[in-house]
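So the structure is just underneath, and the comments pick up after that.
Right under this line is the structure:
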């Protein structure tokens with residue numbers, strides 16, 4: 091066991107050349123260096139964050155939703171059918187050939203089988219109230235933690251001169267602000283990792299899982315080898331845009347379309363500036379180039395830079411999806427469906443009803459365009 095521990099905490103892996111753990115064990119009087127043991131508190135704190143979220147959603151978010159007249163809603167349930175349930179367990183959207191086979195097997199009309207699958211898919215989808223509460227919780231956290239980060243970083247010299255992140259590294263004292271910021275962010279992302287399996291499911295589930303895992307690993311590694319100064323910059327850059335993303339979703343759920351469109355456009359701009367400009371050309375440049383010049387590379391340095399670059403790849407993928415939605419918003423006047431999320435509620439049933447309405451109107455010679463519902467279908471974060 092001691093051998094494995096010594097292998098894991100190898101100085102040649104974690105620390106720059108000619109630096110030992112023994113030197114970091116004895117900081118100057120009145121100062122403290124980061125230690126891995128400090129992060130043990132993050133896991134129980136993550137469950138505390140989950141408990142706080144439950145209380146927040148019940149005591150704050152739901153009353154706000156009630157004021158905005160957002161009700162839970164009761165989706166129509168598909169009638170029990172063992173044969174169709176077995177098929178649904180393997181595929182939620184069977185092809186036309188399978189539908190025709192089920193129609194003959196059950197002696198049902200094809201349209202009735204199709205409708206059963208639509209109802210069955212919709213009944214598992216979260217209500218607008220559930221999505222509103224989730225987004226309001228995330229908006230509150232991102233706003234609070236971003237304000238805390240700006241307050242801490244504004245008076246930090248490394249925010250204005252990133253080379254300060256590497257002078258005298260790794261012998262840089264841990265400040266209370268850095269510790270609080272790191273523990274809060276790590277506990278929150280652990281809570282997201284846990285709740286991702288119970289929260290609203292999105293098409294980018296795997297991408298978000300990789301994102302959370304990479305973020306937790308990056309935060310933990312940067313703390314253990316005292317890259318806190320660069321780490322605080324990375325976290326602050328990632329939190330900035332998420333505030334407006336959650337605001338756009340809240341406005342959408344409350345059916346304030348103009349606020350939704352405006353917030354989403356602002357989010358798109360901030361996302362581009364922070365994650366495709368500031369992050370790669372300011373933060374990654376500092377960690378990759380400036381640190382090489384001042385302290386030189388070492389083994390964990392390569393790993394941390396790899397994780398930073400992995401996040402940048404995810405940013406490019408997300409911005410492609412975001413740009414598609416933003417372009418639709420600019421040219422069509424409203425934000426379209428989020429390509430990362432699933433189709434919400436009973437939109438397919440509504441489409442059937444609208445189609446019938448149009449057909450009846452045409453027959454009467456006085457077609458009217460029904461009021462279209464909002465197509466903006468965000469169903470949770472990202473986070474980040």
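Residue numbers (the working numbering): 91 to 474. For glycine and all other residues, C-beta sits at the position ideal for the given N, C-alpha and C.
Residue i versus the options, residue with shortest Cα-Cα distance
i	options	result
residue 197	216, 185, 171, 208	171
residue 398	411, 409, 415, 372	372
residue 329	145, 365, 308	365
residue 390	308, 124, 280, 94	308
residue 261	99, 414, 421, 112	112
residue 175	137, 367, 281, 207	207
residue 128	404, 302, 266, 289	266
residue 216	161, 188, 269, 245	161
residue 384	259, 142, 288, 114	259
residue 131	420, 310, 388	310
residue 133	306, 200, 367	306
Anticipated Cβ contact below 8 Å, residue i with residue j, distance rounded
i	j	result
residue 386	residue 107	7 Å
residue 318	residue 272	7 Å
residue 331	residue 360	4 Å
residue 315	residue 104	5 Å
residue 369	residue 347	31 Å between Cβ atoms; not a contact.
CB of residue i within 7 Å of CB of residue j, strictly
i	j	result
residue 341	residue 333	no
residue 275	residue 325	yes
residue 168	residue 209	yes
residue 136	residue 227	no
residue 377	residue 304	no
residue 301	residue 404	yes
residue 139	residue 277	yes
residue 264	residue 124	yes
Chain-order list of residues whose beta-carbon lies under 7 Å from that of residue i (same chain, five-residue window excluded)
i	result
residue 441	Residue confidence is low: residue 441 scores 42 on pLDDT, short of 50, so the model does not pin down where it sits. Its coordinate-derived value is still stated next. Contacts found: none.
residue 362	409
Contact set for residue i: own chain, Cβ-Cβ below 8 Å, skip 5 residues either direction
i	result
residue 429	Only weak support exists for where residue 429 lies, its pLDDT of 46 falling under 50; the value from the coordinates is given anyway. Same-chain partners within the cutoff: 293, 411, 414, 415.
residue 152	219, 223
residue 192	173, 174, 177, 184, 198, 203
residue 336	225, 226, 228, 229, 232, 471
residue 213	165, 166, 167, 168
residue 286	295, 298, 299, 302
residue 195	173
CB contact below 7 Å: residue i versus chain B
i	result
residue 114	This model lacks chain B altogether, as it is built from one protein chain only.
Cβ-based neighbour list, residue i, same chain, cut-off 6 Å, excluding 5 preceding and 5 following
i	result
residue 374	398
residue 248	254, 255, 319
residue 356	334
residue 110	101
residue 155	219, 222
residue 382	none
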